[in-house]
Amino acid sequence: MKPSSCSRISRSPRNRASWSCSRRSGPTSTALSPCRKGSSTLPPPGWYSPDVNGLSVRAPASDADWEAYYELRWRILRAPWQAQGPERDDTDATSLHRMLCDAQGKTLAVGRLHRVDAQQGQIRYMAVDSDCRRRGYGSLLLAGLEQAAREMQLESIILQAREAALPFYRRHGYNMVEKSFLLFDEIQHYLMNKQINN
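The sequence shown begins at 617 in the numbering used here and counts up one residue at a time.
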């Protein structure tokens, strides 16, 4: 098995019942602090461990960050169907980008939010490193993007979920709207939405 620098997050029922999160946020990052019992901010669904020291959700800030961001996006979402290049699009320049990194700066997950109109945003290109699946990292990244959407005073988020990701998004409160498109003639997508500022 390929070695990984990703640390596993415990999912024991005892952990789930005993804590909730506190979070510090700035304009370009969300630092995740150890979680404390009784805090008013709950963890993302499906993510149960207070062992988050060293993880941060932040915007790419350097050329190396952007290179790692786009490489992970391409490797998880476009390879082996396409060479590098089409993982970028014309709305990247006006979108908000987030990456989940560990204490050593390794990029574990990436995603993007852009404004569709005054009330609605769209999350796209959510990708978690294949060595780091089922450890709560996608939940942390999604929480960071949703927080950014709230700060933008958006009322709802839409996204196009791959069929395999439907259970993940349902756990986080997204509802299916309709079956939408087939990517590369084999990857079925579904339009989903969520109200975030009711």
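Idealized CB from N, CA, C, for every residue including glycine.
Alpha-carbon to alpha-carbon, residue j and residue i
{"i": "L775", "j": "A675", "result": "20 angstroms"}
{"i": "I692", "j": "A677", "result": "21 angstroms"}
{"i": "Q804", "j": "A781", "result": "11 angstroms"}
{"i": "L799", "j": "Q736", "result": "24 angstroms"}
{"i": "A786", "j": "T707", "result": "Note that residue 786 corresponds to Arg in the displayed sequence, not to Ala. Answer to the nearest angstrom: the Cα atoms are 26 angstroms apart."}
{"i": "H788", "j": "I812", "result": "11 angstroms"}
{"i": "S626", "j": "A684", "result": "Any reading at S626 must be qualified, since the residue scores a pLDDT of 38, below 50, and its modelled position is unreliable; the value itself is stated next. Approximately 27 angstroms between the Cα atoms of the pair."}
{"i": "A709", "j": "R694", "result": "20 angstroms"}
Test item: CB-CB of residue i and residue j under 9 angstroms
{"i": "A743", "j": "L688", "result": "yes"}
{"i": "A816", "j": "M808", "result": "Residue 816 is absent from the model: the chain starts at 617 and stops at 814."}
{"i": "V726", "j": "L716", "result": "yes"}
{"i": "R731", "j": "L770", "result": "yes"}
Cβ neighbour criterion (16 or more within 10 Å) applied to residue i
{"i": "V673", "result": "buried"}
{"i": "C637", "result": "Low confidence applies to C637: its pLDDT is 34, below 50, so where it sits in the model is not reliable, and the reading given next is rough at best. The residue in question, C637, is buried, as its Cβ has 16 or more Cβ neighbours within 10 Å."}
{"i": "D705", "result": "exposed"}
{"i": "L723", "result": "Note that residue 723 corresponds to Thr in the displayed sequence, not to Leu. Buried, by the Cβ-count rule."}
{"i": "E762", "result": "buried"}
{"i": "S755", "result": "buried"}
{"i": "R714", "result": "buried"}
{"i": "D745", "result": "buried"}
{"i": "G721", "result": "exposed"}
Proximity test, Cβ basis, 9 angstroms: residue i and chain D
{"i": "G727", "result": "Going by chain labels, chain D is absent from the structure shown, which holds only one protein chain."}
Residues bridged to residue i (per DSSP)
{"i": "G760", "result": "Note: G760 sits in no beta bridge, so no partner."}
{"i": "E794", "result": "L807"}
Boundaries of the beta strand (DSSP E) in which residue i is found, first to last residue
{"i": "L712", "result": "712-717"}
{"i": "L782", "result": "Element bounds for L782: not the beta strand (DSSP E) but the alpha helix (DSSP H), 782-787."}
{"i": "M768", "result": "Element bounds for M768: n/a, residue is neither H nor E."}
{"i": "R674", "result": "672-674"}
{"i": "T723", "result": "723-731"}
{"i": "G737", "result": "736-744"}
Residue i - containing alpha helix (DSSP H), residue span
{"i": "R689", "result": "679-693"}
Near the ligand GTP: residue i beta-carbon under 8 angstroms from a heavy atom
{"i": "D708", "result": "Because no ligand of any kind appears in the structure shown, any question about the ligand GTP cannot be addressed here."}
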